[in-house]
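Number of protein chains: 2
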Amino acid sequence: MIRDLRICFVGDSFVAGAGDETALGWVGRVTAAAWQRGVALTAYNLGVRRDTSADLRRRAEPEVLARLLGAGDAKAVVFGFGANDCTLEDDMPRVPPEASVENAVALLAWAAARWPVLMLGPPPLAHDAAHDARAAALSSRFAAVCEGMDIPFLDTHGPLSGIAAWRNGALRGDGVHPDGAGYAALAALVEQWPAWRNLTRP
Amino acid sequence: MIRDLRICFVGDSFVAGAGDETALGWVGRVTAAAWQRGVALTAYNLGVRRDTSADLRRRAEPEVLARLLGAGDAKAVVFGFGANDCTLEDDMPRVPPEASVENAVALLAWAAARWPVLMLGPPPLAHDAAHDARAAALSSRFAAVCEGMDIPFLDTHGPLSGIAAWRNGALRGDGVHPDGAGYAALAALVEQWPAWRNLTRP
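Quick note, the sequences are listed as chains A and B, same order.
Basically the working numbering = 1-based index in the first sequence + 481.
Basically the working numbering = 1-based index in the second sequence + 481.
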């Protein structure tokens, strides 16, 4: 009997895989890779475009519970958000960094009390250098939060900033979201992440 | 500018693509095909394993609103459920057919008042002939409901019952859910469906 593992991926458009012409996104790619390793992974993709950490606090709890309650033994939650918090509206970020940290702590604490939890930081934003710098700074704050809570954190901003497939995909697409090649680069980072491999071991 | 279309797929494990080693399911396959036709389709997969029509009535509304409210002009909802309603527990279906019809009417009416709506009937259940017969009967009742509400309905039970890839995939897997080849057969039915092609035209 192969292992029945169910994971909710909670986050924004980058979790949803927006812009990916293959319809896989990074979540679909790492899910298919888990099947190849002999894990029957059910991936519930709860990424929503434009969602901030504040939006996630409103919907994550009922959506995750509807999928993981009473659903076998092996379950987990993977978070990925932050980019939309840093978007400016009327010269102010949609969610100020202090509130983003507070939201992250609340989301992570709720989930980690119930299941194994991992978190990905926001990826690079190729269309706007100032927005990108805010995302990098927020990623560092999230890394510190996760370290304090003993939750594995994957910095995607640093590595993807040096990968042409990510930036070029975004520039070919809507300017923000990469294409399938960009998501493949992000999926490769997740695949190499020991915390992910441990979570999805056969 | 290519067309920005966002669709919520609301349903059960067959909508979620459970058992598909490629992580695409039929939803991922028809989404990738839409991109190939020049439609930037954001697919929100809201399929949850074991969900009945009663479960969907509890969660569909907030989950769909969180994804479609204020999200551009082109939006739609596609439903697919019924198989779990017909599962016996203590010799009774989890949801009796009359309640399934009532739930379907409520879900369809709510969504159709806001967006274009399509519905797929439950697929064949290879593991249990009696369960399969109940699903076929429920599919016919859903077809009549949709006809009365002028909502396009796709019978998947009839066509897939004659397609070896569906049955063989289920028998190779957990007995209920097909593998990628089975989901590809279902995706091909959806791709040939005029209502789907009209919804996803470039």
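In this text, a Cβ means the ideal position worked out from N, Cα and C, and glycines have one as well.
Put residue i into one of helix, strand or coil per three-state DSSP.
i	result
B/P574	strand
A/F495	helix
B/F562	coil
B/V520	strand
B/R484	strand
Tell me where the alpha helix (DSSP H) around residue i begins and ends.
i	result
A/A646	645-653
B/G509	506-517
A/A552	A/A552 -> no alpha helix (DSSP H), and no H or E assigned at all.
Determine whether the beta carbon atoms of residue i and residue j lie at a separation below 8 Å.
i	j	result
B/L606	B/D613	yes
A/G650	A/A668	no
A/V491	A/L527	yes
B/P683	B/R484	yes
B/T512	A/A552	no
A/V558	A/V598	yes
B/C489	B/R540	no
A/G563	A/A616	yes
A/A524	B/T523	no
A/F495	A/G561	yes
A/T637	A/R518	no
B/L670	B/P640	yes
A/W647	A/A676	no
B/W596	B/E542	no
A/L486	A/A555	yes
A/M630	A/A593	yes
A/E544	B/E544	yes
Within its chain, find whatever has a CB closer than 8 Å to the CB of residue i; leave out the 5 residues flanking it on each side and keep chain order.
i	result
B/R538	N584, A587, L588
B/R678	E672
B/E628	F634
B/E570	none
A/W516	L522
B/A645	none
For residue i, which residues from the same chain have a beta carbon less than 6 Å from its beta carbon, with the 5 sequence-adjacent residues on both sides left out?
i	result
B/T533	N565, D566, R575, V576
A/L635	L601, W674
B/T568	R575
B/A499	R530, H658
B/H608	G656, V657
B/G506	G498, Y664
What does a CB cutoff of less than 7 Å around residue i pick up in its chain, not counting 5 residues either side in sequence?
i	result
B/A514	E672
B/S581	S534, G563, D566, L619
A/D660	G500, D501, E502, G650, R653, G654
B/V520	I483, R484, L486, T681, P683
(message) Restricting to runs no shorter than 4 residues, where is the alpha helix (DSSP H) found entirely within the stretch 575-607 of chain B?
(response) 578-593
(request) Only counting runs of 4 or more residues, tell me where the alpha helix (DSSP H) segments fall wholly within the stretch 610-675 of chain B, in order along the chain. (result) Qualifying alpha helix (DSSP H) stretches, in chain order: 610-630, 638-642, 645-653, 661-672.
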